[in-house]
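In structure tokens:
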């Protein structure tokens, strides 16, 4: 397919690379920041623009890969007639694009994307569309970059986004808390990285409900008390510890 | 080295396999459960026993890889004279073994170990010993199975164990909560596994404090409110969500 990428951030960059890698042609990169647009266009071996008036009308698909707020700001600038436009956001309704083009939808990558990462991760894709033909088109496109494609409406996507917050934002915060704790205690945080990675990799073999270990699940109060004593001067860590322990023990 | 493994659980099994794989000879497996001892001995191509009286006195090292409670129960049965014995527990003092043998220490694998896992993970090793010669011996042994070996006393090990609880037990619980949530919402939990794994793998390139994303860190109250509305009938998930969001926003 011939595609225009609108946006220059993490999602625009990684989706752009994935799509180009799958053999699609990126016709243009649009970005309000001309330097960022030019940089991404260079990586995708295409041209860039920061003027709406010169965005080509020849693409099969326009991918609006910008922040939730920018979708709101850009949607009225997009007047794509009979073309097809998608946004890439979990928590934004499909219908915000209904006045931007005859065909519209959502092309949501369920992954944490960083433009400077050294590899392109597997990306489950969640798609939605204004009409069956557009859904077919997005389904075919998604399958060119992912083995894991599901259809999901606004409500489904919001639930997935909630789950992603628990699985990515909250777990990463636990890592960050321990990075800080280790620094204050003179312990190299790198010692914990194999444990963290094994915990995540184990999901391929075992349900997390079957993999739970540790003092909370075995109600080892002696060890829990030793841990709480270590945290007696750190109200923030202590609160997380107590609440998670309670939740593990059944809420 | 010639080694006796005492215990038949996850730690005994995985350490036994690692040690055998590194070229050490497992002389015996001791287990109170004769069938379990026999099974592990078969895997390690050695003999098993469930009688203390027939435990060989010819080993260089006795590895007591049993639960914290079982260490307390077994320590007086262990009368190993001039030999060297180690336990493998994070939260148990080195000194519990001081009457069991002339040389004693700790050989703590900082990893989540499952006997039936399909691969042997990387295992950072934390060691401690009664005397410098024993510490040297354990350091040399640890390096035969791990590239990541540190010395750590009782206090250091307890802090590492606390950090492991946050990084493994608490994160796995977040996965388990979402496994359950996805089931009730008709969403395949497998969609989230690539995200979870990428979050863990990213630690090789980026500090977690630099990788934090999501509605909490960007104080996107509109999205947070949408998520809380989804959780209005689930007090347990709501409590975790509110507390983690608050902690991400600075405690």
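Protein chains in written order, with this note's numbering: chain Z, 1 to 251; chain X, 1001 to 1251.
Every residue, glycine too, gets a C-beta built ideally from N, C-alpha and C.
1) Grouping DSSP H, G and I as helix and E and B as strand, with all else coil, what is residue 259(Z)?
2) So, does the CB of residue 1109(X) fall closer than 7 Å to a CB anywhere in chain B?
3) List the residues that DSSP assigns as beta-bridge partners of residue 28(Z).
4) Could you list which residues in chain Z have their beta carbon closer than 9 Å to that of residue 1187(X), in chain order?
5) Indicate the three-state DSSP secondary structure (helix, strand or coil) for residue 161(Z) in the structure shown.
6) Output yes or no for whether 7 Å exceeds the beta carbon distance between residue 208(Z) and residue 1172(X).
7) Just to confirm my understanding: we take residue 1113(X), look at its own chain, exclude 5 residues before and 5 after, and list those with CB closer than 7 Å. What are they?
8) Can you tell me where the beta strand (DSSP E) holding residue 1129(X) begins and where it ends?
9) Beta-carbon within less than 8 Å of residue 1099(X)'s beta-carbon, same chain only, minus the 5 sequence neighbours each way: which residues are those?
10) Determine the contact status of residue 1170(X) and residue 203(Z), defining contact as a CB-CB distance below 7 Å.
11) Please report the straight-line C-alpha distance between residue 1242(X) and residue 1131(X), rounded to a whole angstrom.
12) Nearest chain Z C-beta to residue 1209(X) closer than 7 Å, yes or no?
13) Please classify residue 140(Z) as buried or exposed, where buried requires at least 16 neighbouring CB atoms within 10 angstroms.
14) Determine, using beta carbons only, whether residue 1170(X) comes closer than 7 Å to chain Z.
15) Please tell me whether residue 37(Z) and residue 48(Z) are closer than 7 Å, where the distance is taken between their beta carbons.
16) Kindly indicate if chain Z contains any beta-carbon less than 7 Å away from that of residue 1146(X).
17) So within the stretch 48 to 135 of chain Z, which uninterrupted beta strand (DSSP E) runs reach at least 3 residues, ignoring any that extend past its ends?
18) Taking all protein chains shown into account, do 16 or more other C-beta atoms lie within 10 angstroms of the C-beta of residue 1094(X), making it buried, or fewer, making it exposed?
19) Please confirm whether residue 1139(X) has its beta-carbon closer than 7 Å to some beta-carbon of chain Z.
20) Taking the beta carbon of residue 1133(X) as the centre, do at least 16 other beta carbons fall within 10 Å, making it buried, or is it exposed?
21) Span of the alpha helix (DSSP H) holding residue 1244(X)?
22) Round the Cβ separation of residue 1124(X) and residue 1146(X) to the nearest angstrom and send it over; I've been treating them as touching at under 8 Å.
23) Spell out whether any CB of chain X is found under 7 Å from the CB atom of residue 125(Z).
24) Could you name the residues of chain Z that residue 1203(X) contacts, counting a contact when the two beta carbons are closer than 7 Å?
According to the structure shown:
1) Residue coverage of chain Z in this structure runs from 1 to 251, which leaves residue 259(Z) outside it and unanswerable.
2) Absence of chain B from the displayed structure is noted, the protein chains being Z and X.
3) 4(Z) and 47(Z)
4) 150, 152, 156, 159, 160 and 163
5) helix
6) yes
7) 1010, 1011 and 1014
8) 1125 to 1129
9) 1075 and 1076
10) no
11) 49 Å
12) yes
13) exposed
14) yes
15) yes
16) no
17) 61 to 64, 84 to 87, 103 to 109 and 125 to 129
18) buried
19) no
20) exposed
21) 1235 to 1248
22) 6 Å
23) no
24) 175, 193 and 196
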